[in-house]
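One structure below.
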Amino acid sequence: MSLSEITARVATAAEQAGRSTDDVSLIAVSKVQPNARVAAVLDEGHRIFGENKVQEAAGKWPAFRELYDGIELHLIGPLQTNKAKQAMQLAQAIHTVDRPKLAQTIARHAQNLGFCPDLFIQVNTGEEPQKAGVLPAEADSFIAEVRALDLPLRGLMCIPPVEEEPSLHFALLAKIAARNDLTGLSMGMSSDFESAIALGATHIRVGSAIFGERVYG
Ligand SMILES: *Cc1c(COP(=O)(O)O)cnc(C)c1O
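Here the sequence shown is numbered in my numbering, starting from 22 and rising by one per residue.
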């Protein structure tokens with residue numbers, strides 16, 4: 022598939038949901054992809070990208086920023102506290118705030134740096150032991166904790182369990198966001214972004230459908 026096909030599908034899904042396409046940010050997830058493929062998507066005019074790992078992002082995006090204006094980078098992978106400062110300097114948004122220690126570390130760096138990326142709290146909607154994110158039952162109190170730190174909290178993020186119907190998880194995330202007056206919803210990937218848009222996604226994270234399969238190793 023191509024960027025223009027995905028953009029068209031995003032527009033159709035938004036229209037069918039009675040929403041404006043402008044309210045859905047398409048994050049092109051470029052992790053592991055060869056630089057030539059990423060450059061091709063930049064050449065098509067796309068500027069919003071996502072990376073999983075701070076180190077990979079640091080090795081790739083400063084050079085692209087010298088060549089292309091207006092890049093918006095989103096970090097969507099688990100974040101260690103000792104990489105928080107570097108993440109804040111690299112990215113315009115961090116989608117994976119998931120524990121008090123990380124929120125406190127980000128708050129301390131924000132004081133010193135004088136800026137802070139947009140933040141999303143990751144919710145482990147499927148309550149999977151191996152997955153990051155706060156449990157749904159703990160989400161309200163953690164949201165309050167992040168707000169008390171005076172951080173720019175924009176919304177919530179989830180990654181549904183692979184074998185489950187994703188829309189149930191999207192609906193749960195939307196419900197937690199609504200009762201906490203949060204408008205940002207980072208949800209939906211290559212296989213399910215249309216249903217995420219139907220349930221209110223403001224940020225969809227699409228990798229392989231844009232770039233092709235990731236080849237690890
Ligand atoms: C890799 C990744 C994506 C993109 O997945 P695709 O299935 O390739 O679209 C989205 N979100 C997160 C958190 C990811 O790690």
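All C-beta atoms, glycine included, are put in the ideal place defined by N, C-alpha and C.
Being a predicted model, the structure only gives us computed values, none of them experimental.
Range covered by the beta strand (DSSP E) that runs through residue i
i: residue 117; result: 114-118
i: residue 215; result: Not the beta strand (DSSP E): residue 215 falls in the alpha helix (DSSP H), residues 214-219.
Burial state of residue i, where buried means 16 or more other Cβ atoms lie within 10 Å
i: residue 133; result: exposed
i: residue 56; result: exposed
i: residue 81; result: buried
i: residue 47; result: buried
i: residue 84; result: exposed
i: residue 194; result: buried
i: residue 228; result: buried
i: residue 200; result: exposed
i: residue 54; result: buried
i: residue 172; result: buried
Residue interval of the alpha helix (DSSP H) (run including residue i)
i: residue 156; result: Residue 156 -> no alpha helix (DSSP H), and no H or E assigned at all.
i: residue 65; result: First-last for residue 65: undefined, no H or E at that position.
i: residue 31; result: 24-37
i: residue 231; result: 229-232
Among the options, nearest to residue i - alpha-carbon criterion
i: residue 168; options: 149, 141, 148 and 178; result: 141
i: residue 115; options: 139, 205, 40 and 62; result: 139
i: residue 73; options: 97, 62 and 86; result: 97
i: residue 102; options: 28, 88, 29 and 128; result: 128
i: residue 175; options: 35, 95 and 211; result: 95
i: residue 177; options: 32, 108 and 144; result: 144
i: residue 71; options: 61, 92, 65 and 130; result: 92
Runs of alpha helix (DSSP H) wholly within the region 87-140 (minimum 4 residues, chain order): 105-111 and 121-134
Mind listing, in chain order, the residues whose beta carbon lies closer than 7 Å to a non-hydrogen atom of ligand 1? Output, sorted by chain position: 50, 52, 71, 73, 97, 98, 180, 210, 211, 212, 226, 227, 228, 229, 230 and 235.
Which ranges would you report for the alpha helix (DSSP H) in the region 169-203 if only whole runs of at least 4 residues count? DSSP runs (the alpha helix (DSSP H)) wholly in the region 169-203: 187-200.
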